[in-house]
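*Asks:* Starting off with a structure, shown below.
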Amino acid sequence: MTTAVGIGRLSRSASRIVGKAAAGFHLLRIEAYSQTKTVLAGRNINSGNFSIGGYSWRLKYYPNGRDVSSANPDYISLYLLARDYNYSPDYNKLQAQYRFSILDQAGNIAYGLPAKTDIFKCGHDYEDSEEQISCGHERFIHKEYLERREDLLKDDCLTLRCDVGDFSELKTLCLAREDDKEDDDGDADSSKKNDGDAADDDEFELKPGHRGYSGRRRRRRPDDKEFVQWCMAQKRMG
6 MTTAVGIGRL
16 SRSASRIVGK
26 AAAGFHLLRI
36 EAYSQTKTVL
46 AGRNINSGNF
56 SIGGYSWRLK
66 YYPNGRDVSS
76 ANPDYISLYL
86 LARDYNYSPD
96 YNKLQAQYRF
106 SILDQAGNIA
116 YGLPAKTDIF
126 KCGHDYEDSE
136 EQISCGHERF
146 IHKEYLERRE
156 DLLKDDCLTL
166 RCDVGDFSEL
176 KTLCLAREDD
186 KEDDDGDADS
196 SKKNDGDAAD
206 DDEFELKPGH
216 RGYSGRRRRR
226 RPDDKEFVQW
236 CMAQKRMG
């Protein structure tokens, strides 16, 4: 004779993917353009650090291009580095859209390349160089073209602008999970929720007016529909 073994109650849980958006820009004013041309190919000049979205960023300006093998570089290279992001455990989830441009003497954008979206990351051993984990343009602008544009380069001064937008850090967090233990009445305990924080004691509590209310306030295990509705009703984070 075989004995049927009942299937236990379904285990239920939920998670959420949340994103945090931010935007901003940084200006880099180069007041001695002709002197920067003496920097060797592959060598860069850094901007000051600037903060957008809670992260420290830095512009890397290569007056004679980033390609160290180029004997006669014609282009300026410009790159963006998420300066302290290479120490984050979520190294492969930092995505940002950025755009480099040059301002005229009135502060208007007079030259620029289309916005670009990249993922800023580094290796597992955190030993990658800044060149490997920065993102940008090898050929930002041809030097001869720049030097012909008096609106861009005047009195040996050049002003670069870097816009960082559609910045998002994606994380997966716990939305709800049920404790496997049951209370003294045989009912399941309240769900645990909100990224590891315990739910309020009356989270799934029967209250007056509820069809299952029997005259005393006590918790009971919500049915599947109630559980789904509760998860969908949680406020958006961020």
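This note's numbering numbers the first residue of the sequence shown as 6 and each following residue consecutively. The C-beta atom is built at its ideal place from N, Cα and C for all residues, glycine as well.
#1: Count the other C-beta atoms from every protein chain shown that fall within 10 angstroms of the C-beta of G53, then say buried if there are 16 or more, exposed otherwise.
#2: Could you check if C162 is buried or exposed, using at least 16 other CB atoms within 10 Å of its CB as the buried criterion?
#3: Roughly how many angstroms lie between the CA atoms of Y103 and E231, to the nearest whole one?
#4: Specify the secondary structure class of A101 as computed by DSSP and reduced to three states.
#5: Determine the contact status of I146 and I81, defining contact as a CB-CB distance below 8 Å.
#6: For the beta strand (DSSP E) containing L86, name the first residue and the last one.
#7: Within the region 137-180, note down every full beta strand (DSSP E) run reaching 3 residues or more, in order along the chain.
#8: Please report the residue range of the beta strand (DSSP E) in which V233 lies.
#9: For S139 and C236, what's the separation of their Cα atoms in angstroms?
#10: Opposite L108 in the DSSP bridges: which residues?
*Replies:* With the structure as the only source:
#1: exposed
#2: exposed
#3: 43 Å
#4: strand
#5: yes
#6: Y80 to A87
#7: 140-147
#8: It is not in any beta strand (DSSP E) - V233 instead sits in the alpha helix (DSSP H) that spans D229 to A238.
#9: Using only the alpha carbons, I get a separation of about 39 Å.
#10: I114
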